[in-house]
Amino acid sequence: MNEVYTMNEDVLKIGDQKLGSRLFLGTGKFSSTQAMIDAVKASGTELVTVALRRFNRAQAEDDLYGPLSQLKNVRLMPNTSGAMNAKEAIRAALLGRELSKSPFVKLEIHPNPHHLLPDPIETYEAAIELVKQGFLVLPYIPADPVLAKRLEDVGCAAVMPLGAAIGTGKGLSTAEMIKIIVRDANIPVVVDAGLRAPSEAACAMEMGCDAVLVNSAIAAADNPSAMGAAFKAGVEAGRMAYQAGLMPTSEVAVASSPLTSFLATQTD
Amino acid sequence: MNEVYTMNEDVLKIGDQKLGSRLFLGTGKFSSTQAMIDAVKASGTELVTVALRRFNRAQAEDDLYGPLSQLKNVRLMPNTSGAMNAKEAIRAALLGRELSKSPFVKLEIHPNPHHLLPDPIETYEAAIELVKQGFLVLPYIPADPVLAKRLEDVGCAAVMPLGAAIGTGKGLSTAEMIKIIVRDANIPVVVDAGLRAPSEAACAMEMGCDAVLVNSAIAAADNPSAMGAAFKAGVEAGRMAYQAGLMPTSEVAVASSPLTSFLATQTD
Amino acid sequence: MNEVYTMNEDVLKIGDQKLGSRLFLGTGKFSSTQAMIDAVKASGTELVTVALRRFNRAQAEDDLYGPLSQLKNVRLMPNTSGAMNAKEAIRAALLGRELSKSPFVKLEIHPNPHHLLPDPIETYEAAIELVKQGFLVLPYIPADPVLAKRLEDVGCAAVMPLGAAIGTGKGLSTAEMIKIIVRDANIPVVVDAGLRAPSEAACAMEMGCDAVLVNSAIAAADNPSAMGAAFKAGVEAGRMAYQAGLMPTSEVAVASSPLTSFLATQTD
Amino acid sequence: MNEVYTMNEDVLKIGDQKLGSRLFLGTGKFSSTQAMIDAVKASGTELVTVALRRFNRAQAEDDLYGPLSQLKNVRLMPNTSGAMNAKEAIRAALLGRELSKSPFVKLEIHPNPHHLLPDPIETYEAAIELVKQGFLVLPYIPADPVLAKRLEDVGCAAVMPLGAAIGTGKGLSTAEMIKIIVRDANIPVVVDAGLRAPSEAACAMEMGCDAVLVNSAIAAADNPSAMGAAFKAGVEAGRMAYQAGLMPTSEVAVASSPLTSFLATQTD
Amino acid sequence: MKLTVNGTAHELGGDGTIDALLDELGATKAHTALMVNGNVVPSEQWATTPLNENDEVEMLVFVGGG
Amino acid sequence: MKLTVNGTAHELGGDGTIDALLDELGATKAHTALMVNGNVVPSEQWATTPLNENDEVEMLVFVGGG
Amino acid sequence: MKLTVNGTAHELGGDGTIDALLDELGATKAHTALMVNGNVVPSEQWATTPLNENDEVEMLVFVGGG
Amino acid sequence: MKLTVNGTAHELGGDGTIDALLDELGATKAHTALMVNGNVVPSEQWATTPLNENDEVEMLVFVGGG
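So the protein sequences, as listed, match chains A, B, C, D, E, F, G and H. Residue numbering for the first sequence follows the numbering used here, starting at 6 and increasing by one per position. Residue numbering for the second sequence follows the numbering used here, starting at 6 and increasing by one per position. Residue numbering for the third sequence follows the numbering used here, starting at 6 and increasing by one per position. Residue numbering for the fourth sequence follows the numbering used here, starting at 6 and increasing by one per position. Residue numbering for the fifth sequence follows the numbering used here, starting at 11 and increasing by one per position. Residue numbering for the sixth sequence follows the numbering used here, starting at 11 and increasing by one per position. Residue numbering for the seventh sequence follows the numbering used here, starting at 11 and increasing by one per position. Residue numbering for the eighth sequence follows the numbering used here, starting at 11 and increasing by one per position.
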């Protein structure tokens, strides 16, 4: 199929890593591990995020190490959720790398549980240290073009501005700022958090974003696996459209049919 | 692939006709007949619109009868463009049927060339007559829920409310009214005109629309064929998402990772 | 005050009638007649709508004839609510005129109680007859530019396109179509239904609308009288801005301060 | 007049300072000093921003010290425009205070002339120092709720999140984030930059913002003085509406007129 | 005589005019509009207009409306 | 005989049928729809339908349209 | 020896190494990351790293996260 | 003495104070803020503050700004 062919050739590079899919998946909030695994497969993602939690013998079934390690062609990106400041985030990143042996880290520092929005000051400080320690740092950030540029300047592998607060499903509420981030960035821009529908993922890609990270929208769908496939198609649609070049908008109507007046006869 | 499988089973019925694709294509504005044919193929559409124009020996290459008749699995839907009133539209419909032998007619009556917006009064009158004459009538209409319902009541096979004025690319500017039309309709609802991007087509499908009709967005793209494929994916993404059940939105953030505080140590 | 002075000179003409305020008020949904009267006064409106209901001795206090007739400088515009078709609307208009002795009629025909959206076919038919009978007809219509033009052509005194469904408070959901109606109209355009906030009323006026009709937003506010004053200010703000000429938008930032670099010293 | 009375009582406190108007004005971009003075008067503002520029004998007429010092009841808020980092911003603030003898400083650090968006890291650092030096610091910031909270925590007198990039007139593009800032803030929230129309200023106030800062929209209007009056009315409208309590929105229509069916007769 | 007034059966006495009906029902004439069998009857004619058996009468007043 | 074809004056020779007109103008019959004085004429009737002086003929083909 | 493991008091026996602790608690070593007093300890060192009285140990596993 | 004033070379005469410089350049003192080598100098000190060879002086006034 035309578009699949396009997709195969359209590799996303993050640092020295190559990904064949521009859809990243979060693994939280699923009703079961199996539902998560099915959605990951249907989505075609090659990069999934995971979180760390204290070992608890009584909840062994929550341990995703086993199930995820069986997925072919899917890499792990541990996040630093729970970190309230740079020091804690660095600790979380080091722990995550110990387990995942992955170069990727999703740097997230959100001190306020009510909105889970990222702290730009702590995130900036942590990013500098994690880059020094050899991580491919993908920070979850506010849609702040100057912050995004400064994180690029200190060596982050990508930036992940939010579309809206985690789990709200309010979509690309920050679109105007994301457009500026994309225009100025020399590293991949990934929209993270807030997306609810494939149309929003497609829109982010049409704006020139390089990828999107989705979790709640898929995990909380009535049918997570079908929604994973829907987001896969949406991301591909948006990416293809970006490459195909969208028509310009117009203030006045432009006919798509001839407006000849053969229909009126002199006898009318 | 999961979604392709879904699509295959998800047949759209208009009157007694069945269509495997929920993307309808207009054939106007393309730079060449070949560009149009390629886009039609890439889009996977099974229903394309055509217009009537006076025969002109000097412009024989504009005659699409030949090229279109070679496309397999693609049916024609002649439109009534150029009609200024019900009488002219009925004439155009009859002429189109003579040539196409197709039951479909896109009923469009837009007296004002500046905005090409449909006339509800003439459209309603013409629809009644064309239904009597056995057409599958698909009227291009303003996003007017009462008009849509009345057209359903007089026997139209589907209604095609506009998203925005033809060729403006302003997208789903009438979304609130289209949602009401979809909620009340017992016949297919097709968004026609105004769509610029696959994300907008996906959004229309997520809202529960049954199909979209696209022309300018594909014909005026830098790469019409790739854009045709992009719209195909967008329509499928939106349709799958509608069937998979979108998550609800939330006013407050909902964490997708555990927020345990193992990261702070007593020594911090 | 500058703007009040402007307002005084900025008379709105509907047919041969002159109005000093561009805010029309509906009188329904108020918690009490006194609350309604207070809101009418605070709003500075000079035109209020009223409905007809069967006489019921037990509910004499609902009879607004007395209270409204005591308001100076406020004219009545009976509506035709409850009418399911043209014939009933004409009847309602005649009854309203008997009581109000007013030339104004708000022509509303909305057969569906679930969305209360207007019927374009019946409204058009009724408008023709009511114009013949000497009314100043202000039809409540969908935001349909061709219908609006046809109603102007048959002699309506103004058109009142909806912003959103009555009572939903969804604001100017039909803005794109209303802009086209305004651009083409030679009679006043009044946004009716859907407005929730003074900012939306201001926006309608900035778009070039001639007035707005508000009911639910004021009647259902915590403080209807203060909200009446707020809408008064909003309408005046929008009207003044329209006359003052809004700045154009820009895709790139335009500095409002000099960007001289005196702040960096050679010793930095 | 009701609303004026309300306004008089509705004092805005910034630190220990009291302001009777919730509209702040920038003084840049006006076609002439007189045009600026007239707009300031018409707007009713009590706080205007000014910038510093190198003395140039040949452009003595640009010196606003004289004209502004003659305005009664208008205080100055020097800005730090031109500063590329915290050190330069602190310098600019000290210079501004020397001249203005005003406690207010608009802290703005925007290194990129293409979008003039603020630098959160430098702004945070400068704010800490300027608070120590006794300023009432009003930082111009991205619409970043965590940054806003941290600036409150270090003693800023208010925060001024942007609606859109300076001079673009794109309005409240960051509305979703501004709502969160307002919900969490214990200091005044002032929307700065991006506003183009009084309706947008009204909307910011309806969202619960405490004031707005406007420059381009007034300076670049066809009639700046009339636009100043329009923004005055818009800000008052939005503030009154916020205090009056906006109606909730509804997914279904809610009638404002009785829907009794007296109009149909048995003989119909 | 038997009438239907605002959808309800009503037995009218007096001289059988519209005025008589309004008096019986205690309606304020200046606040009332009236329709007989679907036709509006102007108030000037109420004193002189006789009602007939089985007439459908609608008596209406202004109430709040948008 | 004098006709108006697609808005232009045309002198028709031959046997004066629609078929003759189409041949003269070099139209591909299978790709053409035709209307005489506002009435659609099905192709089956072209061979046998005579045209008359001053008839208004419209000959139409499919072109790109949305 | 007395430890705090994942925030809870724990009395460790065995040879007092991290390995001993993991065995006691039945953790799958390959699925576990570990921190002592805020410092990450690579798994290669678990067999040989002795724990000390009052050490704060955090044992962590991967769970679903966004 | 040689100074750099607002980025431009300037040869200062007089008593070499800031006041002297302002007088030379015709600046209105009450409308001017001043910085020497990056340090703000309050106006009270202008009469008594001597400038030195190669000092960088910035003289600033208020202009329109947002």
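Even for Gly, the Cβ is constructed at its ideal location relative to N, Cα and C.
Taking the alpha helix (DSSP H) that A/Arg155 belongs to, which residues open and close that run?
Looking up residue 155 of chain A in the first sequence gives position 150. Start and end: Pro150 to Asp158.
Do we get a CB-CB distance below 8 Å when we pair E/Asn16 with the residues of chain D?
Residue 16 of chain E sits at position 6 when you count from the first residue of the fifth sequence. Judged by the 8 Å Cβ criterion, E/Asn16 is in contact with chain D.
I want to see whether chain B comes within less than 8 Å of C/Ser74, judged by CB atoms only; does it?
On the third sequence, position 69 is the one that residue 74 of chain C refers to. So no, C/Ser74 is outside the interface.
Run through DSSP, which three-state label would D/Thr179 get?
Translated into the one-based positions of the fourth sequence, residue 179 of chain D becomes position 174. In this structure, D/Thr179 counts as coil in the three-state DSSP scheme.
Closer than 8 Å to chain F by CB, B/Gly25:
The residue given as residue 25 of chain B occupies position 20 in the second sequence. So, not an interface residue.
Runs of 4 residues minimum, wholly inside the segment 37 to 115 of chain C: which ones carry the alpha helix (DSSP H) assignment?
38 to 48, 70 to 74 and 91 to 105
Let me make sure I understand the geometry here. Which of B/Lys106, B/Ser86, B/Glu103 and B/Arg102 has the alpha-carbon closest to that of B/Leu112?
By one-based count along the second sequence, residue 112 of chain B stands at place 107. Taking only the C-alpha atoms, the option nearest B/Leu112 is B/Ser86.
Would you call the CB atoms of A/Ala170 and A/Pro203 closer than 8 Å?
On the first sequence, residue 170 of chain A is found 165 positions in, with the first residue counted as 1. On the first sequence, residue 203 of chain A is found 198 positions in, with the first residue counted as 1. The criterion of a C-beta distance shorter than 8 Å is not satisfied by A/Ala170 and A/Pro203.
With burial defined as no fewer than 16 other Cβ atoms inside 10 Å of the residue's Cβ, what is the status of C/Lys106: buried or exposed?
Your numbering for residue 106 of chain C matches position 101 in the third sequence. Exposed is the call here.
For H/Lys12 and D/Leu57, what's the separation of their Cα atoms in angstroms?
Here residue 12 of chain H corresponds to residue number 2 of the eighth sequence, with the count starting at 1. Here residue 57 of chain D corresponds to residue number 52 of the fourth sequence, with the count starting at 1. If you take the alpha carbons of H/Lys12 and D/Leu57, they lie about 25 Å apart.
Could you say which of F/Asn16, F/Gly75 and F/Gly76 lies nearest to F/Met45 if we only look at CA atoms?
Counting from 1 along the sixth sequence, the entry for residue 45 of chain F is found at position 35. The candidate whose alpha carbon is nearest that of F/Met45 is F/Asn16.
For the alpha helix (DSSP H) that D/Ile133 lies in, which residues bound it at each end?
The sequence position of residue 133 of chain D within the fourth sequence is 128, counting from 1. Note, D/Ile133: alpha helix (DSSP H), Pro125 to Lys137.
Is there a Cβ from chain C that is less than 8 Å from the Cβ of D/Val235?
Working through the fourth sequence from its first residue, we reach residue 235 of chain D at position 230. The residue you asked about is not Val; residue 235 of chain D is Ala in the sequence shown. Output row for D/Ala235: interface = yes.
What span of residues does the alpha helix (DSSP H) with C/Ile171 cover, start to end?
Numbered from 1 along the third sequence, position 166 holds the residue referred to as residue 171 of chain C. Counting along the chain, C/Ile171 falls outside any alpha helix (DSSP H), and DSSP gives it neither H nor E.
Proximity below 8 Å, CB of A/Pro125 to CB of D/Leu152
Against the first sequence, residue 125 of chain A aligns to sequence position 120. Against the fourth sequence, residue 152 of chain D aligns to sequence position 147. Going by C-beta atoms, A/Pro125 is nearer than 8 Å to D/Leu152.
Whose C-alpha, out of D/Glu103, D/Ala163, D/Ser48 and D/Ala148, is nearest the C-alpha of D/Asp215?
As a position in the fourth sequence, residue 215 of chain D is number 210, starting the count at 1. Of the candidates D/Glu103, D/Ala163, D/Ser48 and D/Ala148, the one whose C-alpha sits nearest the C-alpha of D/Asp215 is D/Ala163.
Inter-stretch contact at 8 Å, needing at least 3 Cβ pairs: the segment 47 to 61 of chain H / the segment 24 to 34 of chain H:
Short answer: they touch.
Contacts that C/Pro203 makes with chain H (C-beta to C-beta distance below 8 Å):
Numbered from its first residue, the third sequence carries residue 203 of chain C at position 198. Residues of chain H passing the Cβ test: none, with the nearest at roughly 25 Å.
Taking a contact to mean a Cβ-Cβ separation below 8 Å, would you say B/Arg161 touches B/Ala190 in this structure?
As a position in the second sequence, residue 161 of chain B is number 156, starting the count at 1. As a position in the second sequence, residue 190 of chain B is number 185, starting the count at 1. The residue asked about is misnamed: residue 161 of chain B is Cys in this sequence, not Arg. Taking 8 Å as the Cβ cut-off, B/Cys161 and B/Ala190 do not qualify as a contacting pair.
Under 8 Å, do D/Gly101 and D/Pro83 count as touching if we go by C-beta distance?
Numbered from 1 along the fourth sequence, position 96 holds the residue referred to as residue 101 of chain D. Numbered from 1 along the fourth sequence, position 78 holds the residue referred to as residue 83 of chain D. Closer than 8 Å, so yes.
Residue burial classification, B/Ser178 (beta-carbon count within 10 angstroms, cutoff 16):
Taking the first residue of the second sequence as position 1, residue 178 of chain B is located at position 173. So B/Ser178 counts as buried.
By the DSSP assignment, the alpha helix (DSSP H) with E/Leu35 in it spans what residues?
Position 25 of the fifth sequence, counted from the first residue, corresponds to residue 35 of chain E. Run containing E/Leu35: Ile28 to Leu35, per the alpha helix (DSSP H) assignment.
Between the alpha carbons of B/Thr173 and A/Ala148, how many angstroms are there, rounded?
If you number the second sequence from 1, residue 173 of chain B lands on position 168. If you number the first sequence from 1, residue 148 of chain A lands on position 143. In a straight line, the C-alpha of B/Thr173 is about 29 Å away from that of A/Ala148.
List the DSSP bridge partners of H/Gly74.
For this step, residue 74 of chain H is matched to residue 64 along the eighth sequence. Paired residue(s): D/Val55.
For B/Tyr10, count neighbouring C-beta atoms within 10 Å of its own C-beta (all shown protein chains included) and say buried if the count is 16 or more, exposed if not.
Residue numbering aside, residue 10 of chain B sits at position 5 when the second sequence is read from its first letter. Confidence at B/Tyr10 is low in this model, with a pLDDT of 40, below 50, so the placement of that residue should be treated as unreliable; the coordinate-derived value is given next. That one is exposed.
Would you decide whether A/Asp227 is buried or exposed? Buried here means 16 or more other CB atoms lie within 10 Å of its CB.
Numbered from its first residue, the first sequence carries residue 227 of chain A at position 222. Classification of A/Asp227: exposed, given that the 10 Å Cβ count is below 16.
In chain order, each alpha helix (DSSP H) run of at least 4 residues that lies wholly inside the segment 200 to 262 of chain C:
203 to 211, 221 to 224 and 229 to 249
Tell me, please, whether the CB atom of F/Leu8 is closer than 8 Å to any CB atom in chain A?
With chain F running from 11 to 76 in the structure shown, residue 8 of chain F is simply not present.
Determine the extent of the beta strand (DSSP E) in which C/Val196 is found, giving its start and end residues.
Within the third sequence, numbered from 1, the residue matching residue 196 of chain C stands at position 191. Note, C/Val196: beta strand (DSSP E), Val195 to Asp197.
Could you work out which residues of chain E lie near C/Glu51, taking near to mean beta carbons separated by less than 8 Å?
Residue 51 of chain C sits at position 46 when you count from the first residue of the third sequence. Chain E residues near C/Glu51: none, gap ~17 Å exceeds 8 Å.
Exposure label - F/Gly74; buried when at least 16 CB within 10 Å:
Locating residue 74 of chain F in the sixth sequence gives position 64, counting from the first residue. So F/Gly74 counts as buried.
Are the CB atoms of C/Ala98 and C/Leu121 within a distance shorter than 8 Å?
Looking up residue 121 of chain C in the third sequence gives position 116. Looking up residue 98 of chain C in the third sequence gives position 93. Their beta carbons are not under 8 Å apart, which means C/Leu121 does not touch C/Ala98 by this criterion.
Rounded to whole angstroms, what's the CA-CA distance from A/Asp67 to A/Thr38? Just pull it up for me.
As a first step, residue 67 of chain A must be located in the first sequence, where it is residue number 62. As a first step, residue 38 of chain A must be located in the first sequence, where it is residue number 33. Approximately 8 Å between the Cα atoms of the pair.
Within 10 Å of its beta-carbon, does E/Pro52 have 16 or more other beta-carbons around it, so buried, or fewer, so exposed?
Position 42 of the fifth sequence holds residue 52 of chain E. Exposed, by the Cβ-count rule.
Could you tell me the distance, in whole angstroms, from the CA atom of B/Ala238 to the CA atom of F/Gly24?
Within the second sequence, the letter at position 233 stands for residue 238 of chain B. Within the sixth sequence, the letter at position 14 stands for residue 24 of chain F. Between B/Ala238 and F/Gly24, the C-alpha separation is close to 55 Å.
Which one of D/Ser74, D/Ile114 and D/Ala91 has the shortest CA to CA distance from C/Pro263?
Along the third sequence, read from residue 1 onward, the residue named residue 263 of chain C stands at position 258. Of the listed residues, the one whose Cα sits closest to C/Pro263 is D/Ile114.
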